[in-house]
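*Asks:* Chains as they are written, first to last, in the working numbering: chain A, 1 to 403; chain B, 1 to 403.
Here you go, one structure.
There are 2 protein chains.
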Amino acid sequence: MKSHHFEELVIENTTKIIFLIMDGLGGVEMPGSGGTELQVACTPHLDRLASDGICGLLDPIAPGITPGSGPAHFGLFGYDPVEYNIGRGVLEAAGIDFPFTPDDVVARINFCTVADDGTITDRRAGRITSEENVSICKKIQESIKKHPRLDEIIIEPVKEHRAVVVFRGKGLQGDLDDTDPQKTGVRPLEPKARNQQSVETVPIVSDFISQVADILSDEPKANMLLLRGFAKYHRFPSMFERFKLKSLAIAAYPMYKGIARLLGMEVLEGMTDIASEFKALEDNYANYDFFFIHIKPTDSRGEDGDFEAKVKVIEEVDSYIPAVQKLSPGVLVVTGDHSTPALLKSHSWHPVPVVLYSQCCRKDAVTHFDELSCINGGIGRMETVFLMSIALANADRLAKFGA
Amino acid sequence: MKSHHFEELVIENTTKIIFLIMDGLGGVEMPGSGGTELQVACTPHLDRLASDGICGLLDPIAPGITPGSGPAHFGLFGYDPVEYNIGRGVLEAAGIDFPFTPDDVVARINFCTVADDGTITDRRAGRITSEENVSICKKIQESIKKHPRLDEIIIEPVKEHRAVVVFRGKGLQGDLDDTDPQKTGVRPLEPKARNQQSVETVPIVSDFISQVADILSDEPKANMLLLRGFAKYHRFPSMFERFKLKSLAIAAYPMYKGIARLLGMEVLEGMTDIASEFKALEDNYANYDFFFIHIKPTDSRGEDGDFEAKVKVIEEVDSYIPAVQKLSPGVLVVTGDHSTPALLKSHSWHPVPVVLYSQCCRKDAVTHFDELSCINGGIGRMETVFLMSIALANADRLAKFGA
Numbered sequence: 001m002k003s004h005h006f007e008e009l010v011i012e013n014t015t016k017i018i019f020l021i022m023d024g025l026g027g028v029e030m031p032g033s034g035g036t037e038l039q040v041a042c043t044p045h046l047d048r049l050a051s052d053g054i055c056g057l058l059d060p061i062a063p064g065i066t067p068g069s070g071p072a073h074f075g076l077f078g079y080d081p082v083e084y085n086i087g088r089g090v091l092e093a094a095g096i097d098f099p100f101t102p103d104d105v106v107a108r109i110n111f112c113t114v115a116d117d118g119t120i121t122d123r124r125a126g127r128i129t130s131e132e133n134v135s136i137c138k139k140i141q142e143s144i145k146k147h148p149r150l151d152e153i154i155i156e157p158v159k160e161h162r163a164v165v166v167f168r169g170k171g172l173q174g175d176l177d178d179t180d181p182q183k184t185g186v187r188p189l190e191p192k193a194r195n196q197q198s199v200e201t202v203p204i205v206s207d208f209i210s211q212v213a214d215i216l217s218d219e220p221k222a223n224m225l226l227l228r229g230f231a232k233y234h235r236f237p238s239m240f241e242r243f244k245l246k247s248l249a250i251a252a253y254p255m256y257k258g259i260a261r262l263l264g265m266e267v268l269e270g271m272t273d274i275a276s277e278f279k280a281l282e283d284n285y286a287n288y289d290f291f292f293i294h295i296k297p298t299d300s301r302g303e304d305g306d307f308e309a310k311v312k313v314i315e316e317v318d319s320y321i322p323a324v325q326k327l328s329p330g331v332l333v334v335t336g337d338h339s340t341p342a343l344l345k346s347h348s349w350h351p352v353p354v355v356l357y358s359q360c361c362r363k364d365a366v367t368h369f370d371e372l373s374c375i376n377g378g379i380g381r382m383e384t385v386f387l388m389s390i391a392l393a394n395a396d397r398l399a400k401f402g403a
Numbered sequence: 001m002k003s004h005h006f007e008e009l010v011i012e013n014t015t016k017i018i019f020l021i022m023d024g025l026g027g028v029e030m031p032g033s034g035g036t037e038l039q040v041a042c043t044p045h046l047d048r049l050a051s052d053g054i055c056g057l058l059d060p061i062a063p064g065i066t067p068g069s070g071p072a073h074f075g076l077f078g079y080d081p082v083e084y085n086i087g088r089g090v091l092e093a094a095g096i097d098f099p100f101t102p103d104d105v106v107a108r109i110n111f112c113t114v115a116d117d118g119t120i121t122d123r124r125a126g127r128i129t130s131e132e133n134v135s136i137c138k139k140i141q142e143s144i145k146k147h148p149r150l151d152e153i154i155i156e157p158v159k160e161h162r163a164v165v166v167f168r169g170k171g172l173q174g175d176l177d178d179t180d181p182q183k184t185g186v187r188p189l190e191p192k193a194r195n196q197q198s199v200e201t202v203p204i205v206s207d208f209i210s211q212v213a214d215i216l217s218d219e220p221k222a223n224m225l226l227l228r229g230f231a232k233y234h235r236f237p238s239m240f241e242r243f244k245l246k247s248l249a250i251a252a253y254p255m256y257k258g259i260a261r262l263l264g265m266e267v268l269e270g271m272t273d274i275a276s277e278f279k280a281l282e283d284n285y286a287n288y289d290f291f292f293i294h295i296k297p298t299d300s301r302g303e304d305g306d307f308e309a310k311v312k313v314i315e316e317v318d319s320y321i322p323a324v325q326k327l328s329p330g331v332l333v334v335t336g337d338h339s340t341p342a343l344l345k346s347h348s349w350h351p352v353p354v355v356l357y358s359q360c361c362r363k364d365a366v367t368h369f370d371e372l373s374c375i376n377g378g379i380g381r382m383e384t385v386f387l388m389s390i391a392l393a394n395a396d397r398l399a400k401f402g403a
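So this is what it looks like as structure tokens:
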């Protein structure tokens, strides 16, 4: 049975499920460090949880595959990350809570600087501020002439040099290549359709680019744009529709809030640090069935290559585990969306340690929460997408399959 | 390669395979018990088998999914439990050895009691005896007028308040919802088709129900019926057709005999207890290639929540292992169809320990047959449906795939 086809077994219950996700949690040993980030970190509470619970290793997509943040999180929530793969444009727009319609083709904008001959000199437009970004987007929005095939065209700023554009038109398709050549000294690429259905979108995009080039021609830095991650918006079945889980996302960063919104979770605003996230969990605990708590700094410090700082973030999160346990959730899961070893300074393919606690989880012999100990855990090694069905089973929210 | 698509590799041999299936074998730790049922049980012979063999954990369907008995057994015999999922009606009728034809739509009958206003007052008709059941079925069969669309309509008693009805008609489809509302104080539900092909079956079923209501109107207890588990019978390829295994089922309970018959196994009658089953194995050992021995009480005691009694059943089965080994089968497998932890008093999703012995199984380091030890076994954790291909390989009954 595919893990993402078990909705018909879902039953209602009042049990609560908490997914504490440390972004980029998994690591590898850094020479001289004496182990991975999790092995080196002092985590008495997570170790206790591992002793009482069941552990394992999760492959976000499949063995050897390094995931982006979108598919990695989709898998965590039981949405097959390949079947439900979404374009970066949609992810970016979801992060700013853009109100999609089913007629929307979305792309991410990177403002850039081009020379007189049209070749790119700075792919980030001299790192313009978010304020400059806002005024540039406003300038485009006010001057742009909507292509006759479109009902609407919308430009929304995101942050620094990043923005999104939404081409809204009935039946419009969006399988287009990026116009970003990923290097300077060359001209932006021409928009190109990846399939027959998207061919009619090409002149619409070309018209947009050429109008923007005119509108921004007097800008000192952001005088051009590159388009990436074209995607048509598709509505996803929500966590409530699929799993009967009234779900709350507690996250500080736009992208993760965006992913949560795409899956129909309610999203708390105003999270500033780890402490505020755990406080929010307590404050809102009575009102939801499922809680997604997203901890970003584990990933950020991993990307920095700062082993010690990543260890410290893990230790800080560990200190909140007793407060979470005090809420007595039916199921508590601690894991990551993927690995971000400080050694590699990037997302990686290494499977991610997971611990799940419930009163009937059938605890295993693992007593330390780290990559090497979890190899011998009772969950074994499996694809992340199966995690949700195990969590629902432990929460007594799944009926029997077959007679 | 899908586990159920390897038939083309099957070769004939004279090696024998024994599957000793303890129903609901897997458990979890009961507070104060000091471990799971298998951990606590004294099983010197199973432990010796684990030491000499290869161990692992099996997911009957997929991680987190609790199986019914039908799909759980289909998986054990190498039949994909989702692809080959069958309705309860067919399973129930197979249990009484009903001679199906390809034109049969089958449903399970629960006789019930309704008040004058048609609302259900007892969903089990005051638990009528099996003898009353026989005479009620006879009464219906003698008076019922076959719907013109049908070639035949057959009512067969099963046990207590349970029976089956077979609607036999060329091309008839059977995707209908249950008429059992699963509660008293309301009227039975009207039959309803789940798809267009089954729409024509609805008036046939309605006619049957309304005739039965008339026929039983003078009955004090069983004056109505509820229909469940509608299913069209499909013939399954047999164990012999797929695996060239002349197969014998040794089971005491009707449902498991029924499953075995659906897969073309021969079925021994007259099994009364565990001792008689092992005796039957010895008596019939010369005449078959594959033996399915089904031990029911592990599941029954688990469903009772009687941890100690389940432990005792396991210990009783353990005492027969030397006699089974004395037969020198090419492959001996001991496992369960699913877990039934006494703690939960029901089937559960927890993976099931398995041990397989053959002279070339590549033994692992496991020395005790229980859930926690098997985590570190050489089979690892996998879906049950792969077990049959491993057994056939160990029995030297599978050719090489590809050149």
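Idealized CB from N, CA, C, for every residue including glycine.
Treat the numbers as computed from the prediction; the structure is a model and nothing was measured.
Taking just the CA atoms, how far does S247(A) sit from S238(A)?
*Replies:* Along the first sequence, one-based indexing puts residue 238(A) at 238. Along the first sequence, one-based indexing puts residue 247(A) at 247. Roughly 9 Å between the two C-alpha positions.
*Asks:* Using a C-beta cutoff of 7 Å, does G302(B) count as contacting chain A?
*Replies:* Indexing the second sequence from 1 puts residue 302(B) at position 302. By this cut-off, G302(B) is not an interface position.
*Asks:* Classify I274(B) as helix, strand or coil using the three-state DSSP reduction.
*Replies:* The sequence position of residue 274(B) within the second sequence is 274, counting from 1. Three-state result, I274(B): helix.
*Asks:* Mind checking if T66(B) is an interface residue toward chain C, Cβ cutoff 7 Å exclusive?
*Replies:* The chain inventory of the structure shown lacks chain C, comprising the protein chains A and B.
*Asks:* Sorry if obvious, but does the Cβ on C361(B) come closer than 6 Å to a heavy atom of the ligand SAM?
*Replies:* Judged by which ligands are present, the structure shown has none, so any question about the ligand SAM falls away.
*Asks:* What does the alpha-carbon distance come out to for the pair V317(A) and A249(A)?
*Replies:* The residue labelled residue 317(A) in the question sits at position 317 within the first sequence. The residue labelled residue 249(A) in the question sits at position 249 within the first sequence. When rounded, the distance between both Cα atoms is 17 Å.
*Asks:* Checking 7 Å against the spacing of the C-beta atoms, do D177(A) and R228(A) come in under that value?
*Replies:* Indexing the first sequence from 1 puts residue 177(A) at position 177. Indexing the first sequence from 1 puts residue 228(A) at position 228. Their beta carbons are not under 7 Å apart, which means D177(A) does not touch R228(A) by this criterion.
*Asks:* For R261(A), collect the residues of the same chain with a Cβ closer than 6 Å to its Cβ; drop the 5 residues on either side in sequence, then sort them by chain order.
*Replies:* For the purposes of this step, residue 261(A) is identified with residue 261 of the first sequence, where counting begins at 1. Cβ neighbours of R261(A) beyond the five flanking positions: A94 and V267.
*Asks:* Would you identify the three-state DSSP class for D180(A), choosing helix, strand or coil?
*Replies:* Here the question's residue 180(A) lines up with position 180 in the first sequence. Here D180(A) sits in coil by DSSP.
*Asks:* Verify whether the separation of the beta carbon atoms of C360(A) and G53(A) is less than 7 Å.
*Replies:* The residue given as residue 360(A) occupies position 360 in the first sequence. The residue given as residue 53(A) occupies position 53 in the first sequence. It is not a contact, given that the beta carbons lie outside the stated cut-off.
*Asks:* Could you give the distance in angstroms between the alpha-carbon of V389(B) and the alpha-carbon of D23(B)?
*Replies:* Taking the second sequence and counting its residues from 1, one reaches residue 389(B) at position 389. Taking the second sequence and counting its residues from 1, one reaches residue 23(B) at position 23. According to the sequence shown, residue 389(B) is Ser rather than Val. Their Cα atoms are separated by approximately 21 Å.
*Asks:* Can you have a look at I86(A) and say buried or exposed, based on whether 16 or more other CB atoms are within 10 angstroms of its CB?
*Replies:* Position 86 of the first sequence, counting from 1, holds the residue named residue 86(A). Looking at its Cβ environment, which holds 16 or more other Cβ atoms inside 10 Å, I86(A) is buried.
*Asks:* What does A193(B) touch in chain A if you count any residue whose Cβ is under 7 Å from its own?
*Replies:* Here residue 193(B) refers to the residue found at position 193 of the second sequence. Those do not exist, as A193(B) stays about 17 Å from chain A at its closest Cβ, beyond 7 Å.
*Asks:* Identify whether R127(B) lies in helix, strand or coil by the three-state DSSP scheme.
*Replies:* Start at 1 with the first residue of the second sequence, and residue 127(B) comes out as number 127. It is coil, neither helix nor strand.
*Asks:* Kindly indicate the opening and closing residues of the alpha helix (DSSP H) around G68(A).
*Replies:* Looking up residue 68(A) in the first sequence gives position 68. Premise fails: G68(A) is in no alpha helix (DSSP H) and is neither H nor E.
*Asks:* Would A213(A) and I136(A) be called neighbours here (beta carbons separated by less than 7 Å)?
*Replies:* As a working note, residue 213(A) is residue 213 in the first sequence. As a working note, residue 136(A) is residue 136 in the first sequence. No, Cβ-Cβ distance for A213(A) and I136(A) is not below 7 Å.
*Asks:* Would you call the segment 36-44 of chain B in contact with the segment 364-380 of chain A, where contact means no fewer than 3 C-beta pairs closer than 8 Å?
*Replies:* Short answer: they don't touch.
*Asks:* Mind checking if G118(A) is an interface residue toward chain B, Cβ cutoff 7 Å exclusive?
*Replies:* Position 118 of the first sequence, counted from the first residue, corresponds to residue 118(A). False, the Cβ-Cβ gap to chain B never drops below 7 Å.
*Asks:* In chain order, which beta strand (DSSP E) runs of at least 3 residues are fully inside the segment 325-354 of chain B?
*Replies:* The qualifying runs are 331-335.
*Asks:* Would you call the segment 196-212 of chain B in contact with the segment 141-158 of chain B, where contact means no fewer than 3 C-beta pairs closer than 8 Å?
*Replies:* Verdict: yes, contact present.
*Asks:* Per DSSP, what kind of secondary structure is K146(A) in: helix, strand or coil?
*Replies:* What you label residue 146(A) is simply residue 146 of the first sequence in a count that begins at 1. Here K146(A) sits in coil by DSSP.
*Asks:* Measuring CB to CB, does A323(B) end up less than 7 Å from I17(B)?
*Replies:* Your numbering for residue 323(B) matches position 323 in the second sequence. Your numbering for residue 17(B) matches position 17 in the second sequence. Not in contact: A323(B) and I17(B) (Cβ atoms no closer than 7 Å).
*Asks:* Which residue's Cα is closest to the Cα of I293(A): D306(A), T14(A), I274(A) and E308(A)?
*Replies:* Within the first sequence, the letter at position 293 stands for residue 293(A). The option with the nearest alpha carbon to I293(A) is I274(A).
*Asks:* For E152(B) and V164(B), I'd like the C-alpha separation in whole angstroms.
*Replies:* Locating residue 152(B) in the second sequence gives position 152, where the first residue counts as 1. Locating residue 164(B) in the second sequence gives position 164, where the first residue counts as 1. Near 14 Å, if we compare the C-alpha coordinates of V164(B) and E152(B).
*Asks:* Under 7 Å between beta-carbons, which chain B residues line up against G75(A)? List them in chain order, please.
*Replies:* Residue 75(A) sits at position 75 when you count from the first residue of the first sequence. Neighbours of G75(A) on chain B: none; closest Cβ ~13 Å, over 7 Å.
*Asks:* Whose C-alpha, out of A393(B), H234(B) and F243(B), is nearest the C-alpha of R88(B)?
*Replies:* Here residue 88(B) corresponds to residue number 88 of the second sequence, with the count starting at 1. If we check each option's Cα against that of R88(B), H234(B) comes out closest.
*Asks:* So which of S358(B), K244(B), I65(B) and T201(B) has the shortest CA-CA distance to D104(B)?
*Replies:* Against the second sequence, residue 104(B) aligns to sequence position 104. Minimum Cα distance to D104(B) is reached at T201(B).
*Asks:* Go through the segment 241-314 of chain A residue by residue and report every complete run of the alpha helix (DSSP H) that reaches 4 residues or more, in order.
*Replies:* You should have 254-262, 274-284 and 297-304.
*Asks:* Can you pull the chain A neighbours of R88(B), defined as C-beta to C-beta under 7 Å?
*Replies:* Numbered from its first residue, the second sequence carries residue 88(B) at position 88. A403, listed in chain order.
*Asks:* Return the residue from the list A280(A), K310(A), V385(A) and C55(A) that minimises the CA-CA distance to S33(A).
*Replies:* Within the first sequence, numbered from 1, the residue matching residue 33(A) stands at position 33. Taking only the C-alpha atoms, the option nearest S33(A) is K310(A).
*Asks:* Can you find the residues in the same chain that come closer than 7 Å, C-beta to C-beta, to P329(B), ignoring five residues on each side of it along the sequence?
*Replies:* Counting from one through the second sequence, the residue named residue 329(B) turns up at place 329. The answer, listed in chain order, is K16, I17 and I18.
*Asks:* Can we say the segment 345-355 of chain A touches the segment 54-65 of chain A, given the rule of at least three CB pairs closer than 8 Å?
*Replies:* Yes, the segment 345-355 of chain A is in contact with the segment 54-65 of chain A.
*Asks:* Can you list the residues of chain B that L392(A) reaches, using a CB-CB cut of under 9 Å?
*Replies:* Taking the first residue of the first sequence as 1, we reach residue 392(A) at position 392. The answer, in chain order, is G64.
*Asks:* Hey, does V28(B) have any beta-carbon neighbour from chain A nearer than 7 Å?
*Replies:* For the purposes of this step, residue 28(B) is taken as residue 28 along the second sequence, with counting starting at 1. True, the Cβ-Cβ gap to chain A drops below 7 Å.
*Asks:* Measuring only the C-alpha atoms, how far is M1(A) from P341(B)?
*Replies:* Residue mapping note: residue 1(A) aligns to position 1 of the first sequence, counting from 1. Residue mapping note: residue 341(B) aligns to position 341 of the second sequence, counting from 1. Residue placement at M1(A) cannot be trusted, given a pLDDT of 49 that sits under 50; the coordinates are not used to answer.
*Asks:* Which stretch, first to last residue, makes up the beta strand (DSSP E) that contains A50(A)?
*Replies:* Position 50 of the first sequence, counted from the start, is the residue given in the question as residue 50(A). Segment P44 to D52 is the alpha helix (DSSP H) holding A50(A); no beta strand (DSSP E) there.
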